[in-house]
Amino acid sequence: MAKVFAIANQKGGVGKTTSCVNLAASLVASQQRVLLIDLDPQGNATTGSGVDKLALEQSVYDVLVGHCEPAQAMQRSEHGGYDLLPANRDLTAAEVTLLDLPNKEQRLRQALAPIRGDYEFILIDCPPALSMLTINALVAADGVIIPMQCEYYALEGLSDLVNSIQRIGGLLNPQLKIEGILRTMYDGRIGLTNEVTAQLREHFGEALYDTTIPRNVRLAEAPSHGMPVLVYDKSSRGAKAYQALAGEVLARQRERTRRTPA
Ligand code: ADP
Ligand code: MG
1 MAKVFAIANQ KGGVGKTTSC VNLAASLVAS QQRVLLIDLD PQGNATTGSG VDKLALEQSV
61 YDVLVGHCEP AQAMQRSEHG GYDLLPANRD LTAAEVTLLD LPNKEQRLRQ ALAPIRGDYE
121 FILIDCPPAL SMLTINALVA ADGVIIPMQC EYYALEGLSD LVNSIQRIGG LLNPQLKIEG
181 ILRTMYDGRI GLTNEVTAQL REHFGEALYD TTIPRNVRLA EAPSHGMPVL VYDKSSRGAK
241 AYQALAGEVL ARQRERTRRT PA
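Just so you know, we're using full-length UniProt numbering here: the sequence shown kicks off at 1 and counts up by one.
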């Protein structure tokens, strides 16, 4: 049964999409079967996976509103090696359309139920808002991975997200937990970074990943080639960081299965 992780932070530009695409590709490189769901109308994860968002016949929007099954909208990321449920601007309409549909918060969860057995990991790239789309992701997920930059205001926004996770967890998805906090665009030479890290460790304890993602221009260049950084420049610091993250995600998963054997 796939573990479903939502990559979420209501702030834009913190590295959600970059982390989603590159973690997906790095998990594939570790022999995992992965599905990436683009749940952002900007479609950046779709483009970054090498799929033309303007040429989609079906997208995750059609899946959410019940026009088609996930398999009919799915594409394969050629360079990433994972399956992709793509998105484009059509998804903007979902915010309104979903409101009139039954089980509006559970559409994604229900759509994924029949295909969870086909993957080890399903990663959901969330839009930069606590919207109905993000709620669908949080209801479908087992855990939330929160990418963040270690800056002064980062912690402030984080408490809104954590509150939403707790609220949604309490109401609609009791087993939802914070899977991991990921420090992105990280520079350990900056004093503030260490201060924020200390606060994160105090607040989130073990959920804080040891792996940090450095600022690396190769990570910013790769999406315009429709490639994960692992393919675009395998020896870059960015590629190594995301491989280390995949290793840490897998280690946590192994530890969990060891503690609760099926
Ligand atoms: P989000 O999905 O949270 O809005 P993105 O992943 O799209 O954030 O990242 C925002 C911008 O920063 C993009 O242009 C991306 O290429 C760039 N970026 C993300 N992570 C890094 C990094 N570690 N080093 C350099 N650039 C990065
Ligand atoms: Mg994004």
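Cβ atoms here follow ideal geometry from the backbone N, Cα and C, with glycine treated the same way.
Same chain only: Cβ atoms within 6 Å of residue i, ignoring 5 sequence neighbours per side
| i | result |
| --- | --- |
| Pro223 | Gly48 |
| Ala243 | First, the residue type needs correcting, since residue 243 is Gln and not Ala in the sequence shown. Contacts found: Ser26. |
| Met185 | Gln149, Arg215 |
| Pro41 | Arg89, Leu91, Thr92 |
| Cys68 | Gln58, Asp62 |
| Gly169 | Leu176 |
| Arg109 | Val139, Ala140 |
| Ile115 | Pro70 |
| Val28 | Val34, Gly81, Tyr82 |
| Thr97 | Val65 |
| Arg259 | none |
8 Å contact criterion, which residue i and residue j should meet: CB distance rounded
| i | j | result |
| --- | --- | --- |
| Leu36 | Leu123 | 5 Å |
| Ala207 | Gly180 | 6 Å |
| Ile7 | Cys126 | 6 Å |
| Pro147 | Leu200 | About 12 Å separates the two Cβ atoms, so there is no contact after all. |
| residue 295 | Asp100 | Summary: the structure shown does not reach residue 295, with the chain confined to residues 1 through 262, and so no result is reported for it. |
| Leu39 | Ala87 | 6 Å |
Beta-carbon gap between residue i and residue j smaller than 8 Å
| i | j | result |
| --- | --- | --- |
| Ala140 | Tyr82 | no |
| His79 | Gly43 | no |
| Glu255 | Thr211 | no |
| Arg107 | Leu171 | no |
| Gln10 | Phe121 | no |
| Thr134 | Leu84 | no |
| Ala246 | Tyr119 | no |
| Ala154 | Val196 | yes |
| Gly15 | Ile190 | no |
| Pro128 | Gly205 | no |
| Leu112 | Tyr152 | no |
Close Cβ partners of residue i (< 7 Å) along its chain, the five nearest in sequence each way excluded
| i | result |
| --- | --- |
| Val229 | Asn22, Arg218, Leu219, Ala222, Ser236, Gly238, Ala239, Tyr242 |
| Ser131 | Glu95 |
| Ile165 | Leu138, Val144, Leu176, Ile178 |
| Thr18 | Leu219 |
| Glu156 | none |
| Glu105 | Ile135, Asn136, Val139, Leu172 |
| Tyr209 | Gly180, Ile181, Leu182, Leu245, Glu248 |
| Cys20 | Ile7, Leu36, Ala45, Leu123, Asp125 |
| Ser30 | Ala246, Leu250 |
Contacts around residue i, its chain only, beta-carbon distance under 8 Å, and the 5 residues preceding and following it disregarded
| i | result |
| --- | --- |
| Asp54 | According to the sequence displayed, residue 54 carries Leu and not Asp. For Leu54, where only same-chain residues beyond five positions count, the Cβ hits under 8 Å are Asn88. |
| Val162 | Ile178 |
Considering only residues of the stretch 160-218, which uninterrupted beta strand (DSSP E) runs meet the minimum length of 3 residues and lie entirely inside it, listed in chain order?
177-186, 208-214
Sequence ranges, beta strand (DSSP E) only - wholly within the stretch 24-67, length at least 3:
34-38
Unbroken stretches of the alpha helix (DSSP H), 4 residues or longer, contained in the stretch 58-125
60-64, 70-73, 94-97, 107-112
Just jot down, in chain order, the residues whose CB lies closer than 5 Å to any heavy atom of ligand 1.
Gly12, Gly13, Val14, Gly15, Lys16, Thr17, Thr18, Met185, Ile213, Arg215, Asn216, Leu219, Ala220
Extract the residue ranges of the alpha helix (DSSP H) inside the stretch 222-254, only unbroken runs of 4 or more that lie entirely within it.
229-232
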